[in-house]
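Under our numbering, think of the first position of the sequence shown as 3, with each following residue one higher.
Everything below concerns the one structure shown next.
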Amino acid sequence: MSQLFYLSSEQLERIKPFFPLSHGVSRVDDLKVFSGIIYVIKYGLQWKDAPREYGPYKTLYNRFVRWSRMGVFNKIFAELAKTTSTDGRLMIDATHLKAHRTAASLFKKGLFSRCIGRTKGGLNSKLHAVCNGDGKPLVLALTAGQMSDYKGAAILLNSLPEAKELLADRGYDATWFREALLNRGITPCIPPKKNRKQPVFYDKNLYKQRHKIEIMFGRLKDWRRIAMRYDRWAHTFFSAICLAASVIFYLN
């Protein structure tokens, strides 16, 4: 943490078209503020502990929250993900992200869901992801932790890009999901559940490539604010995930 992080000018130019236009007084240096936001999320700092070189911490916090509400970080990730190819292969999986007590303290009632649920592991959120054959995330979704894998797949189904095959673990072994994939011309490579009465075939050699999506989750969790959810609002936490995915996989 001794070395500060700064986006290069080339990286900034790639995402600057998705920044909202400034009105009235010019914004504080985008490069400095955006880099400071990334630094806080990567190392899991409180906003007040952000290095002074990035400017006032309130500027970082206000920019992050305001742009999260506007969906700026989500749009950056979505647009960058469109620039990569699927190579005809998709992978889908989900992982739990533990919620810190500060995130779980928000009043439960409200217009929008917190995306926090209770499982055997305690309070957590669940990140559902679809990636290509190289392990780059293409589609992301955040739900409460108790949601099953195949129900999360139903949320992502309409967002799946065109592909020839999809790899998933047996948690996605549902007849409706297999049929939905086949209707879209996608061959499922999913091992059957142990209680399945009718056996199904899947390519075991192809299934070995599924480790790439697990590696993708591991790289996201290297960012401390992703591995442990400190954000009370779901939209700020999901924005942090989208920002981390953009920097790790598309701005490197």
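Ideal Cβ positions, reconstructed from N, Cα and C, are used throughout, including at glycine.
Predicted, not measured: the structure shown is a model, and the values here were computed from it.
key: Three-state class that DSSP yields for I118 in the structure shown   = Per DSSP, reduced to three states, the secondary structure at I118 is coil, with no helix or strand assignment.
Residue of T145, R186 and A170 minimising C-alpha distance to E164 = Ranking T145, R186 and A170 by Cα distance to E164 puts R186 first.
ask   = By DSSP, does M3 sit in helix, in strand, or in coil?
value = Residue placement at M3 is poorly supported in this model, since its pLDDT is 47, which falls under 50; the coordinates are not used for a value here.
message = At the level of alpha carbons, what is the spacing between Y206 and T238?
response = Checking the displayed sequence, the identity of residue 206 turns out to be Lys instead of Tyr. Each residue's alpha carbon lies about 39 Å from the other.
Per-residue burial, L113 [other beta carbons within 10 Å of its own, 16 or more giving buried] = With a pLDDT of 49 at L113, under the threshold of 50, the modelled position of this residue cannot be trusted, and the question is left open.
ask   = Under 8 Å, do H102 and M230 count as touching if we go by C-beta distance?
value = Taking a C-beta distance under 8 Å as the contact criterion, H102 and M230 qualify as a contact pair.
ask   = Between K100 and N126, is the Cβ-Cβ spacing less than 8 Å?
value = The Cβ atoms of K100 and N126 lie closer than 8 Å to each other.
request  = Look up T177 in the DSSP assignment and say whether it is helix, strand or coil.
outcome  = In the structure shown, T177 sits in a helix (DSSP, three-state: H, G or I).
query = Along the chain, which unbroken stretches of the alpha helix (DSSP H) at least 4 residues long are found entirely within the region 49-131?
reply = Within the region 49-131, the complete alpha helix (DSSP H) runs of at least 4 residues are 59-72, 74-83 and 103-106.
request  = Can you tell me which of A143, I188 and E15 puts its alpha carbon nearest to the alpha carbon of I243?
outcome  = It is A143 whose Cα lies nearest to the Cα of I243.
request  = State yes or no: is the C-beta of K170 within less than 8 Å of the C-beta of I43?
outcome  = The sequence given here has Ala at residue 170, not Lys. Contact annotation: A170 and I43 have beta-carbon atoms that are not nearer than 8 Å.
query = Who does C244 pair with in a DSSP beta bridge?
reply = Answer by DSSP bridge pairing: none, since C244 is not bridged.
request  = State the Cα-Cα distance for the pair F240 and F79, rounded to the nearest angstrom.
outcome  = So the alpha carbons of these two residues sit roughly 11 Å apart.
inquiry  = Per DSSP, what are the beta-bridge partners of V141 in this structure?
reply    = In the DSSP assignment, the residues bridged to V141 are V132.
ask   = Hey, how far is the Cα of A106 from the Cα of L47?
value = Going by C-alpha positions, A106 is about 18 Å away from L47.
ask   = Using CA coordinates, which residue listed in G135, C133, A176 and V141 is at the minimum distance from S150?
value = The residue with the shortest Cα to Cα distance from S150 is A176.
message = Excluding the 5 residues flanking M93 on each side, which residues of the same chain have their C-beta closer than 8 Å to its C-beta?
response = Around M93: V132, C133, N134, G135, G137, L168, L169, A170, Q211, R212, K214 and I215.
request  = Just confirm the distance between the C-beta atoms of Y59 and W49, as a whole number of angstroms; I'd bet it's less than 8 Å.
outcome  = By a beta-carbon distance limit of 8 Å, Y59 contacts W49. Their separation comes to about 5 Å.
Limits of the alpha helix (DSSP H) - the one that L222 falls within = For L222, the uninterrupted alpha helix (DSSP H) run begins and ends at H213 to K223, by DSSP.
query = Which term fits T145, buried or exposed, when burial requires 16 or more other beta carbons within 10 angstroms of its beta carbon?
reply = Buried, since its Cβ has 16 or more Cβ neighbours within 10 Å.
request  = Determine the contact status of L62 and V35, defining contact as a CB-CB distance below 8 Å.
outcome  = Their beta carbons are under 8 Å apart, which means L62 touches V35 by this criterion.
task = Could you check if P190 is buried or exposed, using at least 16 other CB atoms within 10 Å of its CB as the buried criterion?
result = With a threshold of 16 other beta carbon atoms within 10 Å, P190 meets it and is buried.
request  = Below 8 Å CB to CB, which residues in the same chain sit around D32 once its five sequence neighbours on both sides are set aside?
outcome  = Answer for D32: L14, K18 and F21, listed in chain order.
Rounded separation between K195 and K223 - CA only = Separation of K195 and K223 (C-alpha to C-alpha, rounded to the nearest whole angstrom) is 28 Å.
query = Which residues bound the beta strand (DSSP E) around L23?
reply = Careful: L23 lies outside any beta strand (DSSP E) and carries neither H nor E.
In DSSP terms, what P190 is bridged to = BP columns for P190 point to L168.
C-alpha distance - T97 paired with Q148, whole-angstrom precision = Answer to the nearest angstrom: the Cα atoms are 11 Å apart.
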